[in-house]
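With our numbering as the guide, the letters of the sequence shown map in order to residues 61 to 447. Don't be surprised by glycine CBs; every beta carbon is placed ideally from N, CA and C. Note that the structure is a prediction, hence the values are computed from the model and not measured.
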Amino acid sequence: MLPDRPTKLVPPTLAKMAAWCVCLILVGVVVYFFALIIARLTFVALPVAVALLLTALLYPLTNSLRQAGMRPIYATWVTMLVALAVLAGTGWLVGARASEEFPNLVQQVQATARDVQEWLITGPLHLQQAQITAYVDEVATMVNTQRQAITTTVLSAGAVAFEVLASIVLLLFVTFFLLKDGDRIWSWVLKGFGDVAPRVDRAGRAAWTTLSHYVQGTVAVAAVHGVIMGIVLAGMGVPLWAPLAVLIFFASFIPIVGIFFAGTVATLVTLGAKGLVLALVFLGILIVEQQLENHVLQPLIVGRALNFHPLAIILVLAIGGILAGIAGAAVAVPVAAVIYRALPELRHQQPALPPPPSAHEQGEPGGKPGPGRAAAPEADERSADTE
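And the structure:
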């Protein structure tokens, strides 16, 4: 009797809410400690996450080579070499164009600065040369005061160069083995889930399909965006158009925030090299192209895999950026999409197969046929002949 009294004192709705709150608190504690573990193991977690994205991007090529009759080890090596060749070629193109066009950019920026200075003196503002010189001196003083901080940052960046190199090596190893033995690794993982292995298998396959569609679609959209903006910059004669196109390509992997950053850099370079008019023209083309991408390319290519509302994407980006900075914002959307697609498969229980028919239904050997089975007419004829 005593255990029932507190329950009767609490309304059923409040009891259910309390139970849900306890469950949410436990889940929140688990997620919090899991996030702490991931943050502690960033050196390993980040390369593994990037390796999963690269594997989802490169696996169609490896799978095509396997279906063509190539052994898995050779198909994996060919895929890795093709990817490295593309990265090396892109890096060489960017480096060559940057070293060739950077002096021209400096000259154009200096010429633009002189034009702006002349406009400030002769234009509607009618500033004095002394005022402009004072403003320039203030900027120079600010840079000199921050020189120590810049030097410290550069030294710190040099100190972590070894860690970055080690992360890249780990990234390549993980990508290689995921391409080569991904199915075997997944089968080994499923053995630890026992009776719920079928659910985990369905959830994992749904998550992998979603991730593959997201990565491949995002790369296609980013490539179109980078090529169009590169053509526009080259047509305007803007220096460093190739590095800016590559920057726009990589920035497109971070929705909303990435293109804002890359577009700002490209617009400032255009402003410094070609003046205000061409900078505004480029900004207008960038906005129009971005709208076409959001309303045409993204729904057709990526939207089918995610089916996320823009508000959900913004919230996911904000959470990922707060928790893990730029890296968290880059992987927040695919992680949310994978979880969104995998959870229904984990909750859904596949219907059980119907039981096999019993011996009575099948008709026992040598006995009377069951209700689902009629006597053969040949047996009736033989029985009649015997009589």
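Cα-Cα separation, residue i to residue j
i	j	result
V275	A311	14 Å
A111	D261	21 Å
A384	L238	25 Å
L231	F253	27 Å
M289	V249	44 Å
V89	R244	33 Å
R259	V154	47 Å
L74	V91	25 Å
Y134	A128	12 Å
V82	R100	27 Å
G327	L86	Here residue 327 turns out to be Thr, not Gly, going by the sequence shown. For T327 and L86, the distance between alpha carbons rounds to 48 Å.
M77	I98	31 Å
V108	F94	16 Å
D255	W268	21 Å
I382	L96	14 Å
G242	L336	52 Å
I386	A156	28 Å
L84	L69	23 Å
E223	L371	36 Å
W152	V104	29 Å
L225	M130	31 Å
V348	A143	32 Å
G277	A145	21 Å
Buried or exposed by the 16-neighbour rule on C-beta atoms within 10 Å, applied to residue i
i	result
F313	buried
L113	buried
V393	buried
V281	buried
V356	exposed
L377	buried
A79	exposed
E421	Residue placement at E421 cannot be trusted, given a pLDDT of 49 that sits under 50; the coordinates are not used to answer.
A263	buried
G344	exposed
Residue j beta carbon less than 8 Å from that of residue i
i	j	result
R25	T270	Shown here, the chain extends from 61 to 447; a query on residue 25 therefore has no answer.
M296	L352	no
L106	S227	yes
S272	Y119	yes
F342	V398	no
T136	T122	yes
T115	T235	yes
L141	V279	no
L340	G323	no
I319	Q350	yes
Close Cβ partners of residue i (< 6 Å) along its chain, the five nearest in sequence each way excluded
i	result
G286	A305, I308, F309
V325	none
G23	This structure gives no information on residue 23, because the portion of the chain shown stretches from 61 to 447.
P72	none
Cut-off 7 Å between Cβ atoms - residues of its own chain near residue i, not counting five sequence neighbours on either side
i	result
V298	V329, T330, A333, K334
V138	L125
P132	R126, K240
A266	R401, A402, E405
W301	G290, L293, A294
L321	Reading the sequence as shown, one finds Phe at residue 321 and not Leu. Excluding positions up to five away in sequence, the list reads A311.
V317	L377, A389
A396	V376
F233	none
Cβ-based neighbour list, residue i, same chain, cut-off 8 Å, excluding 5 preceding and 5 following
i	result
A257	L250, K251
V284	E353, L357
R407	none
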